[in-house]
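In this note's numbering, the protein residues as written are 1048 to 1393. No residue lacks a Cβ here, since even glycine has one placed at the ideal position from N, Cα and C. First the structure, in the form of structure tokens, and then the observations on it.
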Amino acid sequence: MSSSFWNKPGFRQQLPATLRQVLKALVAAALAWVAADALHLPQAHWAVISTLVVVQGTLGTTVRAGRDRVLATAFGAAAGTLASLAHSWSWPMPVLLIAALGPAVLLASMRRDFRTAPIAAMIVISSISSHVSPVGAALLRVAEISLGAVIGIAVSRWFLPVPTQARMQLDAVHLLEQLCDYAAGIGRAPDKGQELTEEQAEERAARIRSYLREAAVIARDARHEGKLVHEHAQELATSLRRLYEDLALIKRVAAQARRRAPGLHPLLEQLGSGLQEALQQELRQLAEGGPETGRPVLESLLESLAPNAERPAGGDLRAVLRYALSSLKRQLDTVSGLLRYDATPK
């Protein structure tokens, strides 16, 4: 494996949280097995599977996400139990599957944290073919997966908890990495470099939106860590969103300038690479733990966009680009300062 992979800022910051998540999964699985065995539940492996489904969510899963997974597990188990009851009335299996999985899949499609619902429903339905009565087997499965879900959320919440600050930092690093790639295509001529397909561009936009949503959820759920942490997380989430909005505005204006202002083409060629370099510099400084050292690339671009009688080309577009770039620089400065400030109570 190349050294560039190990040197990526995102990888280095993600590694401790990843190891923490591995330990959570192992501890939760062991506890689920021991608890199910102590309660003499016949199929302890369903408790383990249920625990892993709850724990295996994204790094730094929120209290709300864990609660939703437990609720979804209960909903799926209830749907499976009703299907098992209907089986005792000689309903065909395809009808039972549709009746139980239909509502569970619909619930999972509405929110990703409800994706445990169809899994729980299928676990309960799988007990129908056993020698135990359908309802009795269903109740045993409900007990096993409920035990696993409760253990999973308890371990996620209290064993090696990931502080809000660390979760926000990790999410911000992931977002900045995506924005680096996003910035690279700004102002580029269509015949230069590889253009993303529409599907690739949509996938990247979806990843960016996902990280922004995650930041907003983390900030909202930071209330339990105190007012200072909550306000700090909310300000960081807001600044990250504004940073992306400024970058998107610059991209739209640069595309118009390429069509309407040929005199700006030389500057547009520098714009994307300059923005990418500024974001990469921020990632490097965060990875090295060093102080902020200014943004000479952005300052140079702002100087190039300053009103000047010798550079009349694209006056209005030049002004909009300068405004958006100034706003982006302020947001990046804010994000940088917030990421370096530890709001966690001592």
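**Asked** For His1277, does the three-state DSSP call read helix, strand or coil?
**Response** helix
**Asked** Are the CB atoms of Ala1082 and Ile1198 nearer to each other than 8 Å?
**Response** yes
**Prompt:** Which of helix, strand or coil does DSSP assign to Pro1343?
**Reply:** helix
**Request:** Please go through the same chain and pick out, in chain order, the residues whose beta-carbon is closer than 6 Å to the beta-carbon of Val1344, but skip the five residues on each side of it.
**Result:** Gly1321, Glu1324 and Ala1325
**Residue burial classification, Ala1145 (beta-carbon count within 10 angstroms, cutoff 16)** = For the sequence presented, residue 1145 should be read as Ile rather than Ala. By the 10 Å Cβ count, Ile1145 comes out exposed.
**Message:** Looking at Ile1265: is its Cβ nearer than 8 Å to the Cβ of Arg1214?
**Reply:** yes
**Message:** Within 10 Å of its beta-carbon, does Asp1115 have 16 or more other beta-carbons around it, so buried, or fewer, so exposed?
**Reply:** buried
**Request:** Excluding the 5 residues preceding and the 5 following Glu1282 in the sequence, name in chain order all residues of the same chain whose CB lies nearer than 7 Å to its CB.
**Result:** Leu1385
**Asked** Quick one, are the C-beta atoms of Gln1378 and Leu1290 less than 8 Å apart?
**Response** yes
**Request:** Classify His1221 as buried or exposed, calling it buried when 16 or more other Cβ atoms lie within 10 Å of its own Cβ.
**Result:** buried
**Prompt:** Who are the near neighbours of Leu1143 in its chain, counting only those whose CB is closer than 7 Å to its CB and skipping five residues on each side?
**Reply:** Ala1130, Ala1133, His1134 and Ile1172
**Asked** Nearest to Arg1369 by alpha carbon, out of Gly1127, Lys1298 and Gln1327?
**Response** Lys1298
**Item:** Span separating the alpha-carbon of Ile1200 from that of Leu1073
**Value:** 14 Å
**Asked** Are Ala1075 and Val1102 close, meaning C-beta to C-beta below 8 Å?
**Response** yes
**Beta-carbon proximity check, Leu1294 vs Ala1190, cutoff 8 Å** = no
**Request:** Could you name the residues of the same chain whose beta carbon sits closer than 6 Å to that of Cys1227, not counting the 5 residues immediately before and after it, in chain order?
**Result:** Gln1323, Leu1326 and Gln1327
**Prompt:** Rounded to whole angstroms, how far is the Cβ of Arg1159 from the Cβ of Ile1170, which I believe are closer than 8 Å?
**Reply:** The pair is not a contact, with the Cβ atoms about 19 Å apart (cut-off 8 Å).
**Prompt:** Applying the criterion that 16 or more other CB atoms from any shown protein chain within 10 Å of the CB defines a buried residue, is Ser1049 buried or exposed?
**Reply:** Residue placement at Ser1049 is flagged as unreliable, the pLDDT there being 39, under the threshold of 50; the coordinate-derived value follows with that caveat. So Ser1049 ends up on the exposed side.
**Message:** Quick check on Ile1265: does DSSP put it in helix, strand or coil?
**Reply:** helix
**Prompt:** For Gln1103, which of helix, strand or coil comes out of DSSP?
**Reply:** coil
**Message:** Closest to Thr1098 by C-alpha separation, out of Ala1077, Phe1161, Ala1196 and Arg1162, would be which residue?
**Reply:** Ala1196
**Prompt:** In this structure, does DSSP put Gln1090 in helix, strand or coil?
**Reply:** coil
**Asked** Assuming Val1382 contacts Leu1287 under a Cβ cut-off of 8 Å, what Cβ separation, rounded to an integer in Å, is found between them?
**Response** 6 Å
**Prompt:** Taking the alpha-carbon positions, what's the Pro1210 to Pro1141 distance?
**Reply:** 46 Å
**Prompt:** Can you round the beta-carbon distance between Thr1128 and Thr1163 to whole angstroms, since I take them to be within the 8 Å contact cut?
**Reply:** With 8 Å as the limit, Thr1128 and Thr1163 do not qualify as a contact, their Cβ atoms being about 16 Å apart.
**Cα-Cα separation between Leu1349 and Glu1278, rounded to whole angstroms** = 31 Å
**Prompt:** In whole angstroms, what is the alpha-carbon distance linking Ala1371 and Leu1296?
**Reply:** 7 Å
**Request:** Go ahead and pull the three-state DSSP assignment for Trp1138.
**Result:** coil
**Request:** Tell me whether Lys1376 is buried or exposed, calling it buried when 16 or more other Cβ atoms sit within 10 Å of its Cβ.
**Result:** buried
**Request:** Whole angstroms is fine: what's the gap from Val1300's alpha carbon to Ala1262's?
**Result:** 27 Å
**Asked** From Ala1185 to His1092, what does the alpha carbon distance come to, in whole angstroms?
**Response** 15 Å
**Message:** Is it buried or exposed, Gln1247, if we count other Cβ atoms within 10 angstroms and call 16 or more buried?
**Reply:** exposed
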